[in-house]
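*Asks:* Residue numbers (our numbering): 449 to 727. One structure, pasted below without further comment.
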């Protein structure tokens, strides 16, 4: 009996030894977040417990999105007058958040906003991915100084990539702050107002079969778009398998020994010295 109790105690300790390989596979989509980092994103016309810049609001929403994605590869593209890949497609959402934190309006020397460059760079970043499982979230105020937006959206549609634009800013516009103080003015000395251009963003969504949303401070716009739009409309692809090592559980052997000990004790005759003799 003592041996059986000892084996059960050892089994409860869940002993493990010996390495084994396990295959892990996740299904998901490839998602590139193309973020406008032009100077107009410094405009502070987002009201959320005080005034936030458009860029600050956009980064907050992306951080919220990174907390809920699971199994999707996520990448980051930054664009202004030019564009570059800030973070390639990855399942490491913590790394993506670090790359996101580094984004600011000083990263790109070419000023202005070229939406087409942002879209085309995002398409390049997901080259080779499975058709029907790709999406671009385009976060911008919609002002475009580069042209060719319609052509870039058509290119995305031909590659079966849906674009989900998020418009950030206000219709009435607001002045663009300068790093050294004051606001941007035109040649005549008038304040330059940056306005949200919703028609352009709606046209991009319509061309590619995506959904346009307007960012509203305090609401989970990006999370809602992800759950009701991207995950609902795109088919998940079967992700590549990854292998990892783990220790094998061995408690079952101790449970078996305990059961065997109890069976043997039940089958063996009792100790004759403990028998009582009849009177």
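The beta carbon of each residue, even a glycine, is placed where N, CA and C say it ideally should be.
CB-CB under 6 Å to residue 588, same chain, minus the five flanking residues each way: which ones, in chain order?
*Replies:* Once the five neighbours on either side are set aside, the close Cβ partners of residue 588 are 484.
*Asks:* My parser needs the alpha helix (DSSP H) runs of 4 or more residues fully inside the region 586 to 669; what are they?
*Replies:* Counting only runs of 4 or more, we get 597 to 606 and 646 to 656.
*Asks:* Rank 629, 567 and 632 by C-alpha distance to the C-alpha of residue 604 and give the top, closest one.
*Replies:* That would be 567, whose Cα lies nearest to the Cα of residue 604.
*Asks:* Does DSSP classify residue 700 as helix, strand or coil?
*Replies:* The answer is helix: DSSP assigns residue 700 an H, G or I state.
*Asks:* Indicate whether residue 591 and residue 488 have their beta-carbon atoms separated by less than 8 Å.
*Replies:* Cβ atoms of residue 591 and residue 488: closer than 8 Å.
*Asks:* Using the DSSP secondary-structure output, state which residues sit across from residue 464 in a beta bridge.
*Replies:* Answer is 697.
*Asks:* Per DSSP, what are the beta-bridge partners of residue 479 in this structure?
*Replies:* According to DSSP, residue 479 bridges with 522 and 583.
*Asks:* How would you call residue 656, buried or exposed, if buried means at least 16 neighbouring beta carbons within 10 angstroms?
*Replies:* Buried: at least 16 other Cβ atoms inside 10 Å.
*Asks:* Anyone know if the C-beta pair for residue 490 and residue 624 falls short of 8 Å?
*Replies:* Yes, the Cβ-Cβ distance between residue 490 and residue 624 is below 8 Å.
*Asks:* Short of 6 Å in beta carbon distance, which residues of its chain neighbour residue 486, apart from the five on each side in sequence? Order them along the chain.
*Replies:* Once the five neighbours on either side are set aside, the close Cβ partners of residue 486 are 528 and 561.
*Asks:* Which of the three DSSP states, helix, strand or coil, is assigned to residue 505?
*Replies:* Helix, per DSSP.
*Asks:* Assuming contact is defined by CB atoms lying nearer than 8 Å, are residue 499 and residue 492 in contact in what I supplied?
*Replies:* Taking 8 Å as the Cβ cut-off, residue 499 and residue 492 qualify as a contacting pair.
*Asks:* Identify the continuous alpha helix (DSSP H) that holds residue 528 and give its terminal residues.
*Replies:* Here residue 528 belongs to no alpha helix (DSSP H), and DSSP marks it neither H nor E.
*Asks:* Hey, residue 613 and residue 660 are a contact pair by Cβ (cut 8 Å); roughly how many whole angstroms apart?
*Replies:* Confirmed, Cβ separation roughly 5 Å.
*Asks:* Kindly indicate which residue of 544, 596 and 463 has the alpha-carbon position closest to the one of residue 701.
*Replies:* Checking every option, the nearest Cα to that of residue 701 belongs to 463.
*Asks:* Going straight from the alpha carbon of residue 574 to that of residue 482, what length do you get?
*Replies:* Distance between the alpha carbons of residue 574 and residue 482 is about 12 Å.
*Asks:* Using the rule of at least 16 other Cβ atoms within 10 Å of the residue's Cβ for burial, across every protein chain shown, is residue 594 buried or exposed?
*Replies:* Classification for residue 594: buried.
*Asks:* What's the gap between the Cα of residue 546 and the Cα of residue 651?
*Replies:* Going by the C-alpha atoms only, they are around 32 Å apart.
*Asks:* Taking 7 Å as the cut-off, is the beta-carbon of residue 713 closer than that to any non-hydrogen atom of the ligand NAD?
*Replies:* Among the components modelled here there is no ligand, and therefore nothing to report on the ligand NAD.
*Asks:* From residue 715 to residue 542, what does the alpha carbon distance come to, in whole angstroms?
*Replies:* Each residue's alpha carbon lies about 60 Å from the other.
*Asks:* Using the beta-carbon count (16 or more within 10 Å), is residue 626 buried or exposed?
*Replies:* The residue is exposed, with fewer than 16 neighbouring Cβ atoms inside 10 Å.
*Asks:* Under 8 Å by Cβ, that's how I've got residue 583 and residue 479 pegged, so tell me the actual separation to the nearest angstrom.
*Replies:* Correct: roughly 5 Å between the Cβ atoms.
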